[in-house]
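Trainee: Chains as they are written, first to last, in this note's numbering: chain A, 1 to 224; chain B, 225 to 302.
C-beta: ideal position from N, C-alpha, C; glycine also.
One structure is given below, represented as structure tokens, and several questions about it will come after.
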Amino acid sequence: MKFGVLQFPGSCDEVDALQAARHVGDAELIWYGDKDLKGADAIIVPGGFSYGDYLRAGAIARFSPAMESVVAFANGGGLVLGICNGFQVLCEAHLLPGALLPNANRRFTSRQVQLEVIRADSRFTCACAGGQRLSIPAKHSWGRYYASEQTLDEMERAGQLVLRYAPGENFNGSLRDIAGVCNEAGNVFGLMPHPEHAVDELTGSTDGLAIFESMRLALKDSRV
Amino acid sequence: MIRARVLIRPKAGILDPQGEAVERALPALGFTGAANVHIGRLVELDVEDPQQLEPMCEKLLANPLIEDYEVQLLDAGS
């Protein structure tokens with residue numbers, strides 16, 4: 001399989017995402033100004049500060065030519081993973097419900113966080129066990145997941161709450177401890193922590209690989 | 225061209241950590257009696273067609289999910 005990793009002006013985690021994806025398949029960068037997704041089977045919208053986070057994080061990146069193609073790709077059922085700034089972009093593009101607000105602690109925070117897998121049957125966590133803990137770094141100042149109570153109830157019923165911060169780990173104040181959500185169709189997923197930074201023992205954890213491996217498994221199954 | 229000003233603020237009830245921090249800083253400087261501090265954004269622009277301001281806000285300038293906006297038309301722009 002082949003991952004396409006978007007690169008915006010201001011992206012900074014696209015190379016780590018590329019390297020992480022290469023643990024399970026091929027991966028290639030896609031320049032934000034190109035509409036051609038280069039035949040990718042799955043898209044990663046990486047972390048960073050696209051367009052300097054001007055206006056709101058992800059607000060301007062959403063209208064880039066590559067994102068137009070990603071929206072069409074997602075609406076056609078393609079797998080799309082948004083990490084950190086990528087999650088913010090997917091929310092701004094309305095591919096995912098909700099929005100990311102400034103951290104409740106008012107600080108840019110960079111730390112290892114413990115996550116719990118709520119749904120081990122999603123296309124982004126199917127390599128995990130239900131309730132499994134993942135140790136993955138997070139680093140952001142706008143990571144407080146927000147959606148209206150009614151939307152959160154609907155998402156919970158539809159199984160769209162995929163990852164949550166383990167007890168005591170919700171440093172950004174996300175509602176219902178939400179760390180990662182998917183869309184109703186289950187093919188678009190976003191999370192604030194960075195699985196691409198947790199793929200080598202050198203940096204303390206390889207738990208992030210599970211996300212990329214899950215995508216590979218989901219794609220393989222869909223082709224059987 | 226018409227000069228316009230768009231005021232964008234966090235929706236009521238949404239935690240506003242910036243506003244809270246400033247509200248706490250004011251008494252430290254001796255300014256007592258200030259409450260309900262909220263911080264938003266101000267966008268000033270000249271437009272040919274003021275009718276476009278509303279869709280501009282909905283699509284780009286504000287995120288209606290988390291922010292309220294208010295459009296003010298000023299005097300003719302320069």
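Listed from N- to C-terminal order along the chain, which residues in the region 88-109 of chain A have their beta-carbon within a distance smaller than 8 Å of any beta-carbon of chain E?
Mentor: Among the protein chains of the structure shown, namely A and B, there is no chain E.
Trainee: At the level of alpha carbons, what is the spacing between B:Asn-260 and B:Gln-242?
Mentor: Locating residue 260 of chain B in the second sequence gives position 36, counting from the first residue. Locating residue 242 of chain B in the second sequence gives position 18, counting from the first residue. Spanning the two alpha carbons is a distance of roughly 12 Å.
Trainee: Using 8 Å as the threshold, is the region 198-213 of chain A in touch with the region 15-24 of chain A, meaning 3 or more CB pairs across them?
Mentor: Because the criterion of three Cβ pairs below 8 Å is met, the region 198-213 of chain A and the region 15-24 of chain A touch.
Trainee: Is the region 35-50 of chain A in contact with the region 62-70 of chain A, if contact means three or more CB pairs nearer than 8 Å?
Mentor: Short answer: they touch.
Trainee: From B:Lys-235 to A:Lys-220, what distance separates their C-alpha atoms?
Mentor: Stepping through the second sequence from its first residue, residue 235 of chain B is reached at position 11. Stepping through the first sequence from its first residue, residue 220 of chain A is reached at position 220. If you take the alpha carbons of B:Lys-235 and A:Lys-220, they lie about 43 Å apart.
Trainee: Interface residues of chain B around A:Arg-56 at Cβ under 8 Å?
Mentor: Position 56 of the first sequence holds residue 56 of chain A. Residues of chain B passing the Cβ test: Asn-287.
Trainee: If you draw a straight line from the alpha carbon of A:Val-275 to that of B:Val-267, how long is it in whole angstroms?
Mentor: As shown, chain A starts at 1 and ends at 224. That puts residue 275 of chain A outside it, with no answer to give.
Trainee: Do A:Phe-49 and A:Thr-109 have their CB atoms nearer than 7 Å?
Mentor: As a position in the first sequence, residue 49 of chain A is number 49, starting the count at 1. As a position in the first sequence, residue 109 of chain A is number 109, starting the count at 1. Contact flag unset, no.
Trainee: How about A:Leu-190 and A:Leu-90: do their beta carbons lie closer than 7 Å?
Mentor: As a first step, residue 190 of chain A must be located in the first sequence, where it is residue number 190. As a first step, residue 90 of chain A must be located in the first sequence, where it is residue number 90. The question names Leu, but residue 190 of chain A in the sequence shown is Gly. Yes, the pair counts as a contact, with Cβ atoms nearer than the cut-off.
Trainee: Could you name each continuous beta strand (DSSP E) segment of 3 residues or more that falls completely within the region 43-95 of chain A, going from the start of the chain to the end?
Mentor: Taking only runs of at least 3 residues, the beta strand (DSSP E) segments lying wholly in the region 43-95 of chain A are 79-83.
Trainee: Does chain A have any CB closer than 7 Å to the CB of B:Pro-241?
Mentor: For the purposes of this step, residue 241 of chain B is taken as the residue at position 17 of the second sequence. Yes, B:Pro-241 lies at the interface with chain A (some Cβ there is under 7 Å from its Cβ).
Trainee: Taking A:Phe-3 as part of the beta strand (DSSP E), name the residues at either end of that continuous run.
Mentor: Position 3 of the first sequence, counted from the first residue, corresponds to residue 3 of chain A. Per DSSP, A:Phe-3 belongs to the beta strand (DSSP E) from 2-7.
Trainee: Rounded to a whole number of angstroms, what is the C-alpha to C-alpha distance between A:Leu-6 and A:Asn-183?
Mentor: Along the first sequence, read from residue 1 onward, the residue named residue 6 of chain A stands at position 6. Along the first sequence, read from residue 1 onward, the residue named residue 183 of chain A stands at position 183. Taking the straight line from one Cα to the other gives about 20 Å.
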